[in-house]
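Right, one structure below, let's go through it.
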Amino acid sequence: MAKKKSSQIKLVLTQLISDVLENSNNEALNYKQVSAKLNIKDEEARETILEILKEQAQKGVFSEPEKGKFKLKDLKTFITGKVDMTADGAAFIVPDDEFEKDVFVSARKLHNALNGDKVKVYIYAKKRGRKNEGEVVEIIQRLKTDFIGVIKISDRFAFVTVDDKKMLHDIFVPLSDLDGAKNGQKVQVAITDWPEGAKNPIGKIINILGTQGENNTEMNAILAQYGFPLSFPPEVEKEANEIPEAITEEELKNRRDFRDTVTFTIDPADAKDFDDAISFKKLPNGNYEVGVHIADVSHYVQPKTYLDKEAYSRATSVYLVDRVIPMLPERLSNGVCSLRPNEDKLCFAAVFELDEAANVVEEWFGRTVIHSDRRFSYEEAQEVIENKEGDYVQEILKLNELAYILRDRKFKNGAISFESTEVKFRLDEKGKPVGVYVKERKDAHKLIEDFMLLANKKVAEFIAKKGKGKAKYTFVYRSHDSPNLENLGNFALFAARFGYKINMKSDKDIAKSLNFLMEDVEGKKEQNVLTQLAIRSMAKAVYTTKKTSHYGLAFDHYTHFTSPIRRYPDVMVHRLLAAYLNGERSANEDEYETAASHSSAMEKRAADAERASIKYKQVEYLEENVGKLFMGIISGVTEWGMYVELIENKCEGMIRLKDIADDFYVLDEKNYCIVGQRKKKKYQLGDEVKVKVKRVDLSKRQIDFALVQD
1 MAKKKSSQIK
11 LVLTQLISDV
21 LENSNNEALN
31 YKQVSAKLNI
41 KDEEARETIL
51 EILKEQAQKG
61 VFSEPEKGKF
71 KLKDLKTFIT
81 GKVDMTADGA
91 AFIVPDDEFE
101 KDVFVSARKL
111 HNALNGDKVK
121 VYIYAKKRGR
131 KNEGEVVEII
141 QRLKTDFIGV
151 IKISDRFAFV
161 TVDDKKMLHD
171 IFVPLSDLDG
181 AKNGQKVQVA
191 ITDWPEGAKN
201 PIGKIINILG
211 TQGENNTEMN
221 AILAQYGFPL
231 SFPPEVEKEA
241 NEIPEAITEE
251 ELKNRRDFRD
261 TVTFTIDPAD
271 AKDFDDAISF
281 KKLPNGNYEV
291 GVHIADVSHY
301 VQPKTYLDKE
311 AYSRATSVYL
321 VDRVIPMLPE
331 RLSNGVCSLR
341 PNEDKLCFAA
351 VFELDEAANV
361 VEEWFGRTVI
371 HSDRRFSYEE
381 AQEVIENKEG
391 DYVQEILKLN
401 ELAYILRDRK
411 FKNGAISFES
421 TEVKFRLDEK
431 GKPVGVYVKE
441 RKDAHKLIED
451 FMLLANKKVA
461 EFIAKKGKGK
471 AKYTFVYRSH
481 DSPNLENLGN
491 FALFAARFGY
501 KINMKSDKDI
511 AKSLNFLMED
521 VEGKKEQNVL
531 TQLAIRSMAK
541 AVYTTKKTSH
551 YGLAFDHYTH
561 FTSPIRRYPD
571 VMVHRLLAAY
581 LNGERSANED
591 EYETAASHSS
601 AMEKRAADAE
611 RASIKYKQVE
621 YLEENVGKLF
631 MGIISGVTEW
641 GMYVELIENK
651 CEGMIRLKDI
661 ADDFYVLDEK
671 NYCIVGQRKK
681 KKYQLGDEVK
691 VKVKRVDLSK
701 RQIDFALVQD
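Position 194, counted from 1, in the sequence shown is what UniProt numbering calls 194; the numbers after and before it change by one each time, with no gaps.
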């Protein structure tokens with residue numbers, strides 16, 4: 001952890017040094033001069049600056065025209081990077097090389113490049129004090145060519161107004177390419193051509209989603225927008241339907257039999273895909289055998305089949321407000337693989353012998369067969385815990401006791417507890433929201449979570465310790481880097497305004513103070529704002545073959561083993577674990593790294609789709625509340641407005657700065673607030689404000705509030 005921290009400090013210092021050299025009017029500076037400009041007097045830090053100057057000179061980022069003096073090398077003429085579009089049609093190109101600075105490209109010099117595209121950019125000679133500017137000379141790869149929007153049809157032509165706010169061009173559609181679409185319908189359109197000099201791209205309709213504003217249309221539009229298919233190809237369904245449910249005697253002989261051991265599942269009340277079960281047995285020596293049994297998806301989904309290719313492509317199930325779009329066809333996800341009660345089921349398991357102090361005395365990994373005795377909902381299991389009576393009361397109470405010990409140990413070792421509020425909707429039969437509530441996480445949820453964490457951790461450790469150096473075994477880990485110190489420092493300054501201190505001396509101190517903050521803020525009006533900001537200051541967890549730690553959980557090694565019905569990385573983990581248990585050699589690392597990277601990207605896409613569906617339902621819910629007053633918390637500030645989250649129902653909307661009449665307000669980015677230029681009145685992130693619902697726009701998933709000033 002300490003090494004990671006020092007490398008992050010060096011990265012920040014490198015950027016600061018680059019800034020100093022850039023502003024030195026092309027004069028070469030020695031390390032003492034650079035240190036002076038950064039106001040750094042500490043001898044050790046000055047030595048680090050010299051070290052960085054030499055390292056970057058070796059890399060070719062800086063030049064050393066005379067011994068001990070350094071300056072920036074001339075800017076490259078061309079760079080490649082990704083387009084990050086702004087609201088006014090211009091863009092910043094984010095370079096592939098992390099040491100390069102963003103390049104500004106005006107709207108007329110984008111030459112048909114769209115948000116997210118990978119492009120080649122020519123960089124103009126820089127003028128002193130100006131940002132890097134350039135011009136797109138080649139579109140290397142389009143991020144996407146399909147868009148969702150509403151079609152407008154006239155006598156001679158049609159065009160699609162796209163939902164995506166960063167797609168600033170309507171798409172022209174010839175009448176011959178409407179594919180039956182009718183005026184005002186929501187459609188999926190594919191760009192087929194964009195002639196040089198033409199203002200708008202040309203496209204054709206590839207999918208008619210339905211009538212704008214209907215629940216089914218809008219949910220399907222969200223899925224299509226984020227690139228998730230609306231159905232399974234026939235060949236995939238055919239393969240799924242041909243898989244037999246019956247388990248052969250031959251298969252049973254190859255598995256450890258847990259059918260006579262008490263086993264149950266605990267899941268949400270509306271769940272249909274049960275991919276984990278817990279078995280429990282008290283051993284003669286007084287210890288406890290706890291089995292974490294996971295649906296054996298890799299037994300049924302074989303590599304290179306249509307099923308496998310489709311599961312890889314999707315990489316994850318998608319959970320929208322009113323539906324689940326499964327990674328696997330329902331015959332597998334809700335049927336053959338699902339650990340339904342009173343049925344024999346094939347599993348891959350991590351089985352532990354635990355003592356009274358929840359120490360792992362023995363561990364075993366392998367394939368099992370189980371027979372779940374009971375399907376608990378979280379609410380039913382919680383009743384058993386609270387009332388100390390009901391089915392399998394002794395087993396559940398002991399598991400809960402052991403889970404508490406595992407949890408306490410995890411936090412003592414430096415894990416961070418983020419308990420952000422999860423919003424749920426009550427929907428009527430047409431999918432319209434009639435109520436909003438916040439989902440509670442109680443002991444039953446945490447019990448399952450803690451044993452799943454134990455299984456994921458121990459599987460990762462088992463493989464990580466099998467081989468070292470060049471003899472290491474390729475595996476798919478879940479990695480979570482330590483936080484960016486600059487981001488965390490900004491969050492610490494903000495949290496201090498609410499009276500919370502973040503101790504940044506070490507990773508353990510950071511975790512301890514963040515946990516104290518999360519505990520103290522629970523139930524308070526600023527909980528969601530502080531939790532979301534803290535999460536944003538953290539690095540994002542990803543899948544990788546590299547043996548790296550999980551900062552948020554304070555585990556040296558961690559993987560995802562416990563949800564193969566809904567996550568493709570877990571399927572990969574099962575396959576690799578099975579291969580290594582059978583004595584097979586290490587798998588191809590490049591192949592699995594590519595698959596891990598794809599899974600990370602699809603996981604983010606699924607989370608974005610889920611957020612879009614929540615936003616849509618929030619807008620729909622507030623349709624009936626236009627003109628009503630609510631109390632809210634300022635949850636975000638931007639240069640054009642401030643976001644407010646309503647306390648009563650967690651719906652979030654925006655107050656536009658131009659609509660606040662008593663002053664001219666501007667963003668103070670550093671202090672997370674907006675400030676009136678004449679009266680100096682501040683609206684700070686986390687402040688409570690009264691708002692009126694001004695208007696809602698379902699097609700744009702947008703809520704506008706008006707500030708009610710006393």
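Using N, Cα and C, we set each Cβ at its ideal position, and we do this for glycine too. On a predicted model such as this, the values are computed, not experimentally measured, just so you know.
Length of the line joining the Cα atoms of residue i and residue j
i, j, result
"Lys109", "Val61", "27 Å"
"Ala460", "Thr548", "11 Å"
"Gln185", "Gln618", "22 Å"
"Val509", "Ile502", "The question names Val, but residue 509 is Asp in the sequence shown. Going by the C-alpha atoms only, they are around 8 Å apart."
"Ser18", "Tyr312", "42 Å"
"Val150", "Arg142", "22 Å"
"Leu29", "Leu21", "7 Å"
"Asn25", "Glu64", "16 Å"
"Phe274", "Ala246", "18 Å"
"Ala587", "Tyr473", "7 Å"
"Val689", "Leu16", "38 Å"
"Glu379", "Ala357", "27 Å"
"Val666", "Met642", "10 Å"
"Ile634", "Ile703", "14 Å"
"Gly636", "Phe491", "13 Å"
8 Å contact criterion, which residue i and residue j should meet: CB distance rounded
i, j, result
"Ser699", "Asp164", "No, Ser699 and Asp164 are not in contact; Cβ-Cβ is about 12 Å, not under 8 Å."
"Ala349", "Leu307", "About 23 Å separates the two Cβ atoms, so there is no contact after all."
"Phe78", "Lys120", "6 Å"
"Val103", "Ile123", "6 Å"
"Tyr477", "Thr559", "5 Å"
"Glu310", "Pro233", "7 Å"
"Ala554", "Gly414", "4 Å"
Reduced DSSP category for residue i - H, G, I as helix; E, B as strand; rest coil
i, result
"Arg695", "strand"
"Ile52", "helix"
"Gly335", "helix"
"Gln141", "strand"
"Leu168", "coil"
"Ala415", "coil"
"Thr545", "coil"
"Ser635", "strand"
"Tyr306", "helix"
"residue 714", "Outside the displayed span of the chain (1 to 710) sits residue 714, for which this structure offers no information."
"Thr80", "strand"
"Lys118", "strand"
"Arg375", "strand"
"Lys540", "coil"
"Val324", "strand"
"Pro284", "coil"
"Thr316", "strand"
"Val301", "coil"
"Asp710", "coil"
"Ser63", "strand"
"Met1", "Low local confidence applies: a pLDDT of 45 at Met1 is under 50, so the model's placement there is unreliable, with the coordinate-based value given in what follows. Coil."
Residues that residue i bridges to, as DSSP identifies them
i, result
"Ala381", "Per DSSP, none; premise fails for Ala381."
"Trp364", "Val351"
"Gly291", "Ser279 and Val351"
"Gln684", "Cys673"
"Asp704", "Met654 and Arg695"
"residue 711", "Residue coverage of the chain in this structure runs from 1 to 710, which leaves residue 711 outside it and unanswerable."
"Val644", "Ile634 and Gly653"
"Lys410", "Paired residue(s): none; Lys410 is not in a bridge."
"Gly390", "Looking at the DSSP assignment, Gly390 forms no beta bridge with any residue, so it has no partner."
"Ile17", "DSSP, once it has assigned bridges, lists no residue as partnering Ile17."
"Pro433", "Leu427"
"Val666", "Val675"
"His550", "His480 and Phe555"
"Asp257", "Val369"
"Arg567", "Thr316"
Interface flag, residue i vs chain D, CB-CB below 8 Å
i, result
"Lys690", "Chain labels in this structure do not include chain D; a single protein chain is all it has."
Item checked: beta strand (DSSP E) runs wholly inside the region 452-530, at least 3 long, in chain order -> 477-479
Next item on the list: Entirely within the region 217-254 and at least 4 residues each: give me those alpha helix (DSSP H) ranges in chain order.
Entry: 234-241 and 249-253
Item checked: Complete runs of the beta strand (DSSP E) confined to the region 142-213 [at least 3 residues] -> 146-153, 158-162, 171-173, 185-193 and 202-211
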